[in-house]
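In the working numbering, the protein residues as written are 92 to 274. Built from N, CA and C at the ideal position, the CB exists for glycine as well. Working notes, beginning with the structure itself.
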Amino acid sequence: MKELKISKSDSNYIILKYVSDKLVDNNLEFWLEGGTALSAYRDETIFDWEHDIDLAIWYEDLKKLLNSIDQFISDGCKVKIQKGFPFIDNVIQLFIPEEITGINPHINQVDFYIYRKCGDFGYMRWLNAPTGYFSQSIRVVYFWLKSNLLISDISKRYLIINYIIPKKMRYFIFKTFFYFYYR
92 MKELKISKSD SNYIILKYVS DKLVDNNLEF WLEGGTALSA YRDETIFDWE
142 HDIDLAIWYE DLKKLLNSID QFISDGCKVK IQKGFPFIDN VIQLFIPEEI
192 TGINPHINQV DFYIYRKCGD FGYMRWLNAP TGYFSQSIRV VYFWLKSNLL
242 ISDISKRYLI INYIIPKKMR YFIFKTFFYF YYR
């Protein structure tokens with residue numbers, strides 16, 4: 092395994108150490124993800140122009156991650172679930188204050204990507220924030236939906252609004268976005 096070329100005074104190191112210490116304390120398996128993994132492997136560092144650090148976990152460890160999130164929040168960190176969507180599917184964003192990262196860090200955000208296991212593979216469904224023609228329509232949909240949406244107790248801690256979805260719409264959403272559950 093390559094060792095990263097990061098100074099212990101660098102905010103990248105400070106953030107990785109801070110986050111990894113909490114995750115290890117909660118017995119959580121995690122790894123570098125995306126651009127962070129690429130730059131760590133290829134260049135043995137995390138670049139100054141990166142705006143975040145990407146980590147990944149298994150879906151089965153989501154409760155452990157949420158326990159860690161509670162600890163991060165008590166330290167003054169801010170958390171954004173699924174980029175503002177009303178459910179947890181694949182990303183939790185952690186924003187770390189200057190008291191932890193140091194003054195004017197170039198990175199103060201960690202994205203936790205959530206993978207599901209299927210056989211020998213790991214999968215992550217990627218939902219982007221809606222843009223373009225349908226972006227306003229999708230926001231409106233949240234307010235007129237009229238049936239039950241099952242939200243786990245874990246998710247409820249981080250949600251303020253309960254969304255209700257009619258059965259046909261729920262089927263369409265799950266068939267479209269969570270197709271690997273419908274085989």
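Pairing Q162 with K113, the inter-Cα distance amounts to about 8 Å. Around the Cβ of D152, a 10 Å sphere holds 16 or more other Cβ atoms; the residue is buried.
Taking all protein chains shown into account, V182 has 16 or more neighbouring C-beta atoms within 10 Å of its C-beta and is therefore buried.
A Cβ-Cβ distance of about 16 Å is found for the pair D145 and Y109, leaving them out of contact under the 8 Å criterion. Closest by C-alpha distance to A147, out of Y214, E124, T192, is E124. A residue is called buried when at least 16 other Cβ atoms come within 10 angstroms of its Cβ; L107 meets this threshold and is buried. Bridge pairing for I183: I172, F203 [DSSP]. DSSP places I148 in the strand class (E or B) of the three-state scheme. Collapsing the DSSP output to three states places G125 in a helix. Cβ-Cβ separation between I187 and V170: approximately 10 Å, too far for a contact (criterion under 8 Å). In this structure D166 is not in contact with I198, their Cβ atoms being roughly 17 Å apart against a cut-off of 8 Å. Setting aside the 5 residues that flank it on each side, F121 is surrounded in the same chain by L114, L146, A147, I148, each with a C-beta closer than 7 Å to its C-beta; the list follows chain order. Taking each of D211, L129, N117 in turn and checking the Cα distance to S159, the smallest one comes out for N117. With fewer than 16 other Cβ atoms inside 10 Å of its own Cβ, I164 counts as exposed. The C-beta of Y206 has 16 or more other C-beta atoms within 10 Å across all chains shown, which makes the residue buried. The closest CA to that of D143, considering only F212, S102, K259, M260, is found on S102.
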